[in-house]
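Only one structure is covered here, and it is reproduced in the block below.
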Amino acid sequence: RKEVEQDPGPFNVPEGATVAFNCTYSNSASQSFFWYRQDCRKEPKLLMSVYSSGNEDGRFTAQLNRASQYISLLIRDSKLSDSATYLCVVSTGNQFYFGTGTSLTVIP
Amino acid sequence: NAGVTQTPKFQVLKTGQSMTLQCAQDMNHNSMYWYRQDPGMGLRLIYYSASEGTTDKGEVPNGYNVSRLNKREFSLRLESAAPSQTSVYFCASRLTGTSGFYEQYFGPGTRLTVT
Chain L
1 RKEVEQDPGP
11 FNVPEGATVA
21 FNCTYSNSAS
31 QSFFWYRQDC
41 RKEPKLLMSV
51 YSSGNEDGRF
61 TAQLNRASQY
71 ISLLIRDSKL
81 SDSATYLCVV
91 STGNQFYFGT
101 GTSLTVIP
Chain H
1001 NAGVTQTPKF
1011 QVLKTGQSMT
1021 LQCAQDMNHN
1031 SMYWYRQDPG
1041 MGLRLIYYSA
1051 SEGTTDKGEV
1061 PNGYNVSRLN
1071 KREFSLRLES
1081 AAPSQTSVYF
1091 CASRLTGTSG
1101 FYEQYFGPGT
1111 RLTVT
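Taken in sequence, the protein lines are chains L and H. Under my numbering, the final residue of the first sequence carries the number 108; numbering is consecutive throughout. Under my numbering, the final residue of the second sequence carries the number 1115; numbering is consecutive throughout.
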């Protein structure tokens, strides 16, 4: 079983739409959780860390459910510039485990 | 402050050739990592170094060796390249400590093709 599983998409949404991505992880001892963004042929960059109580950064909201081993990312009022691949990342000790990514295209 | 740098950006090798991918960070991070990214596979950990002087295998270490030269530099060596090692290689670094969320910072990647 993979450490981190994501729906690969693709998600094609119109500008202004709200879109949600989900991710599950297999190791209940996982300690830290992140969403990264990766643009085509570029390196992953941190979008936001995910805290137990949930957290928001502008149009982006991340939630963590430790009991269900589930992480989510909600993007409100989608912009064209949000088009990218979103990676769910789970850390246990010194190791990081990446989902395969969910592709988002925001359409004008 | 350049962050994480990698050289070269692109490389084409013939089967059996060797090469070293270089990575350096100027953020005084303790931990450094090497990943490969293949279509549909996500990032997979090759090796990591939790601190200067230590290295550990990740998920896909076969065919690779690493050296943590000092706190700043972590190199990845392919001794005898194979077509299966065609991939994009990313180096990352991270501050480690007893508390807090410490994310990874990535270099721009090396695109390697083995023919």
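Even glycine gets a Cβ: it sits at the ideal position worked out from N, Cα and C.
*Using 7 Å as the limit for Cβ to Cβ distance, is G1042/H near chain L?*
Cβ-Cβ to chain L under 7 Å: yes for G1042/H.
_So for Q1085/H, helix, strand or coil by DSSP?_
The answer is helix: DSSP assigns Q1085/H an H, G or I state.
*For F96/L, decide whether its Cβ has a neighbour in chain H, counting only Cβ atoms nearer than 7 Å.*
Cβ-Cβ to chain H under 7 Å: yes for F96/L.
*Endpoints, beta strand (DSSP E) assigned at D57/L*: DSSP places D57/L inside the beta strand (DSSP E), whose first and last residues are N55 to D57.
*Are the beta-carbon atoms of Y1033/H and A1092/H separated by less than 7 Å?*
Their beta carbons are under 7 Å apart, which means Y1033/H touches A1092/H by this criterion.
*Nearest CA to the CA of R1044/H: which residue from R1072/H, K1071/H and S1087/H?*
Shortest Cα-Cα distance from R1044/H to any of R1072/H, K1071/H and S1087/H involves S1087/H.
*Helix, strand or coil for S1067/H per DSSP?*
In this structure, S1067/H counts as strand in the three-state DSSP scheme.
*Using a beta-carbon distance below 7 Å, is F43/L in contact with chain H?*
A small correction: the amino acid at residue 43/L is Glu; Phe does not occupy that position in the sequence shown. Taking 7 Å as the threshold, the shortest C-beta distance from E43/L to chain H falls below it.
_Residue of A20/L, Q95/L and E15/L minimising C-alpha distance to N27/L_ = Its Cα nearest to that of N27/L, the residue Q95/L stands out among A20/L, Q95/L and E15/L.
*Please check if any C-beta of chain H sits within less than 7 Å of the C-beta of F34/L.*
For F34/L, the nearest CB of chain H lies under 7 Å from its own CB, placing it at the interface with that chain.
*Classify S1080/H as buried or exposed, calling it buried when 16 or more other Cβ atoms lie within 10 Å of its own Cβ.*
It is exposed - the Cβ of S1080/H has fewer than 16 other Cβ atoms within 10 Å.
*Going along chain L, which residues have a C-beta under 8 Å from F1106/H?*
Residues of chain L passing the Cβ test: E43, P44 and K45.
*So S1049/H packs on R1068/H, CB below 8 Å; how close in whole Å?*
Indeed, because the Cβ distance is near 4 Å, the residues count as touching under 8 Å.
*Where L1095/H sits in the DSSP three-state scheme*: Reduced to three states, the DSSP call for L1095/H is coil.
*Mind reading off the beta-carbon distance from T92/L to S30/L? Whole number of angstroms is fine, and I expect it under 8 Å.*
Sure, about 5 Å apart at Cβ, within 8 Å.
_For a cutoff of 7 Å on Cβ pairs, would you count T102/L as touching chain H?_
Chain H, which has no Cβ nearer than 7 Å to the Cβ of T102/L, makes this no.
*Simplified DSSP assignment, three categories, for S1051/H*: Reduced to three states, the DSSP call for S1051/H is coil.
*Would you say S1031/H faces chain L, with C-beta separation under 7 Å as the test?*
Closer than 7 Å: yes.
*Can you give the Cα-Cα distance for R1094/H and I71/L, rounded to whole angstroms?*
Between R1094/H and I71/L, the C-alpha separation is close to 22 Å.
*Quick one: what's D1056/H bridged to in DSSP?*
In the DSSP assignment, the residues bridged to D1056/H are Y1048/H.
*Could you please tell me which residues of the stretch 51-70 of chain L, in chain order, have their CB closer than 7 Å to any CB of chain H?*
Answer set for the stretch 51-70 of chain L: empty.
_Residues from the stretch 1044-1055 of chain H in contact with chain L, defined by Cβ distance under 7 Å_ = So the list reads L1045, Y1048 and A1050, given in the order they occur along the chain.
*Go ahead and label M1041/H buried or exposed: buried means 16 or more other beta carbons lie within 10 angstroms of its beta carbon, across all protein chains shown.*
So M1041/H ends up on the exposed side.
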